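Mapping of the sequence shown onto this note's numbering: position 6 corresponds to residue 6, and the numbering continues sequentially without gaps.
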Amino acid sequence: MKKSLGTLAGIVLIALSGSALADEQLEIGQKIYDRAFGRGCGTCHDIASNPQLPALIKAGTLDRAKFEEVLRNGKGGMPKAVDEIMKNKAVEKAGLTEELAIDYLYKYISTK
Ligand code: HEC
C-alpha cells in the first residue's frame, strides 16, 4: 500500500513538472511571437489579408517543416526570421537551439 502511494505521488509529480515545462515552452513561444522584429509576428499576421498562421496549422497546410523553411528563407513579403528569433531575450536566457526556439514558436501559434 505504502509503496503504491509512493508510486502514485511520483506519477503526479512527473505529470505536474511536464505541464510546467509545456507552459514554459508556450511562454517563450509567445515572447518570440510578440517581440520579433520589434512589434512581433502579429504586426503582419494578425491582419486578415496576410496568412493566418493558427488557421493554416489547424488545417494541416502549414506543418513544422514548411514553417521552418519559411522562417529560414523568407517568402515574398515575409522576411527571414531565424536570426531575429535567436536574438530574443527569452531564447537567449533559456539557451535554446534554433530547432527548439522554432518548436516553441510553432507550438505557441498552434494554440492561438
Ligand atoms: C513585415 C510583415 C511580416 C512579419 C513581421 C512576419 N511575417 Fe510572416 N509573412 C508575411 C507575408 C506577407 C507572408 C506571405 C508571403 C507569401 O506567401 O508571399 C508571410 C508568410 C509567412 C509564413 C508562410 C505561410 C504559408 O503557409 O504560406 C509563415 C510560416 C510566417 N509568415 C511566419 C511568420 C512568423 C513566425 C513571424 C514572426 C517571427 C512572421 N511571419 C513575421 C509577413 C510578415
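Cβ coordinates follow ideal geometry from the N, Cα and C atoms, glycine included. Treat the numbers as computed from the prediction; the structure is a model and nothing was measured.
heavy atom of the ligand HEC below 8 Å from residue i C-beta
i: K75; result: yes
i: G60; result: no
i: E84; result: yes
i: K66; result: yes
i: Y33; result: yes
i: T97; result: no
i: G18; result: no
i: P79; result: yes
Boundaries of the alpha helix (DSSP H) in which residue i is found, first to last residue
i: S110; result: 98–111
i: A94; result: 89–94
i: M86; result: 82–86
Under 9 Å between C-beta atoms of residue i and residue j
i: L96; j: I28; result: yes
i: I109; j: L53; result: yes
i: K107; j: Q25; result: yes
i: K31; j: V82; result: no
i: C44; j: M86; result: no
Quick check for students: name the residue ranges of the alpha helix (DSSP H) that lie wholly in the region 34–66, counting only runs of 4 or more. 42–45, 53–59
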